[in-house]
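Numbers given in our numbering equal positions in the sequence shown, counted from 1, plus 320. C-beta: ideal position from N, C-alpha, C; glycine also.
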Amino acid sequence: MEKKRIYVCIDLKCFYASVECAERKLDPFTTNLVVADPERSEKTICLAVSPAMKARGVPGRCRVFQIPPDIEYITATPRMQLYIDYSAAIYEIYLKYIAKEDIHVYSIDEVFMDVTDYLEMYQMTARELSIRIMQDVLDRKGITATCGIGTNLYLAKVALDITAKHVDDHIGILDEESYRKLLWNHKPLTDFWRIGPGISRQLERVGITTMGELAKADEDMLYKMFGVDAELLIDHAWGRETTTMADIKTYKPKSNSISSGQVLSRDYNYEEGKLIVKEMADLLCLNLVEKGLLTNSITLHVGYSNRIDKKSAHGTAAMSVATSSSNRIMEYTEQLYERIVDRYTPVRRMSVTFNNVTDDTYQQYDLFTAPSDLEREHRMQKAILDIKEKFGKNAILRGMNLQAGATTMERNCQIGGHRSG
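The structure is reproduced here in structure tokens:
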């Protein structure tokens, strides 16, 4: 009989704000601190707020202008590289207790651990081991963690997201029986992992507002509403989850892609938008070369101005062969942009995706391009990467990166759309 598994999900509380407090030797539970870029408008979304701010009713992802005027607070400019460094250091702490094969990094501030085989070795309960790890993180990095413990990955996540918030030690524990007893009547449904506002509204239209009601609902109706996704909803309603840590570690996607997206600081006209997508395609090409990859298909998604109620432009272009050539790919990207985007409507959001990414050992050539030209460009791209690695991302640029409205130089100083430091 297979051993009953025990999972732990650890989240670093208000991570970015807690890091900024730790750097200032301040207590995040008594310090009002907001992580937001002061150079952006008051409409900018806060990256994080301290637990002290949350205790006063300020949501974690509010806009700056939504913070009540009677609250005095410190504004910390985002420093993404610092947060990555903290996250890496905390991951090293986890590795003192749990092997990397039993840890899944879910996000920069959250991990899942399969602790099943460690409890006997440490002669500890899952709660005791979690407390030991959380205290180590607090002692060494000054960051407070919360924790969920469950008999499967889903229950560990729900224990973290819901149950841990209502206990003094910030550790929630669930098995299938206690899940049904404690949370079958819990509202709102959006508190549960993987149930967003859209799914919640669909369920509400048929009278389902709790997990208990979902568990007892007609399954045929749910499959008609959600297709194969209904299976996951039904399992989660009963507190079941078939995916294990071993499944996560051995998973290989059927196809790979890489993408880049950005929200522009203002509305851009048609020609300015074309410049941006070419910049994005160029940077993604360097990413391909760096990783030894090729693509044969490009997808472009362009969202129009927020002031205009108009459906986003979306399209895909297939190339004759797989390549990492900036010249070829930017040409296809520009043609795709011209085909799908309305030239009279300002644009605000865009993403570029390279599909069907494969290893460059499968490089092929077509009849219209000399292999020597492609090889020469590939060597040039390698040289560009070497220069950027040695002297910084802005050490070498294309002429288009210096045009009015170009964003590459600014984005090269950012991580995830925020300042790196």
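{"Query": "The beta strand (DSSP E) enclosing Thr-673, as first and last residue numbers", "Result": "667 to 675"}
{"Query": "Nearest-angstrom Cβ-Cβ length linking Thr-615 and Asn-676, presumed shorter than 8 Å", "Result": "6 Å"}
{"Query": "Buried versus exposed, by CB contacts within 10 Å (16 or more), Met-670", "Result": "buried"}
{"Query": "Residue from Asp-357, Val-457, Asp-390 and His-506 with nearest C-alpha to Ala-342", "Result": "Val-457"}
{"Query": "C-beta contact flag for Tyr-327 and Met-400 at 8 Å", "Result": "no"}
{"Query": "Neighbourhood of Ile-628 by C-beta, 8 Å cutoff - its chain only, sequence neighbours within 5 removed", "Result": "Thr-665 and Pro-666"}
{"Query": "Short Cβ contact (8 Å threshold) for Met-720 with Lys-598", "Result": "yes"}
{"Query": "For Asn-472 and Glu-561, believed in contact at Cβ under 8 Å, the rounded distance", "Result": "4 Å"}
{"Query": "Stretch pair the stretch 480 to 493 + the stretch 353 to 370: three plus CB contacts closer than 8 Å", "Result": "no"}
{"Query": "Stretch-stretch touch, CB-based, cutoff 8 Å, three pairs: the stretch 576 to 590 with the stretch 598 to 610", "Result": "yes"}
{"Query": "Per-residue DSSP class, three states only, for Glu-430", "Result": "strand"}
{"Query": "Cut-off 8 Å between Cβ atoms - residues of its own chain near Ser-644, not counting five sequence neighbours on either side", "Result": "Cys-605, Leu-608, Val-609, Leu-613, Leu-614, Thr-615, Asp-680, His-698 and Gln-701"}
{"Query": "Beta-carbon gap between Leu-480 and Gly-468 smaller than 8 Å", "Result": "yes"}
{"Query": "Cys-329 versus Gln-655 - alpha carbon distance", "Result": "46 Å"}
{"Query": "Alpha helix (DSSP H) runs contained entirely in the stretch 506 to 590, provided each spans 4 or more residues", "Result": "517 to 525, 531 to 535, 539 to 546, 549 to 557 and 565 to 570"}
{"Query": "Alpha-carbon to alpha-carbon, Ala-642 and Ala-408", "Result": "35 Å"}
{"Query": "Local Cβ density within 10 Å of Ile-528, reported as buried at 16 or more and exposed below that", "Result": "buried"}
{"Query": "Ile-404, enclosing alpha helix (DSSP H) - first and last residue", "Result": "400 to 417"}
{"Query": "C-alpha gap between Ile-704 and Ile-716, whole angstroms", "Result": "7 Å"}
{"Query": "Buried versus exposed, by CB contacts within 10 Å (16 or more), Ile-568", "Result": "exposed"}
{"Query": "Which of helix, strand or coil DSSP assigns to Ile-423", "Result": "strand"}
{"Query": "Pairwise C-alpha distance: Ser-427 and Val-369", "Result": "18 Å"}
{"Query": "Option nearest His-634 by Cα separation, candidates Glu-651, Lys-374 and Glu-658", "Result": "Glu-658"}
{"Query": "Leu-449 and Tyr-417 closer than 8 Å at C-beta", "Result": "yes"}
{"Query": "Where Gly-593 falls: helix, strand or coil (DSSP)", "Result": "helix"}
{"Query": "Reduced DSSP category for Asp-331 - H, G, I as helix; E, B as strand; rest coil", "Result": "strand"}
{"Query": "Residue of Gly-712, Glu-709, Met-729 and Phe-711 minimising C-alpha distance to Arg-718", "Result": "Met-729"}
{"Query": "Buried or exposed (CB count within 10 angstroms, at least 16 for buried), Tyr-571", "Result": "exposed"}
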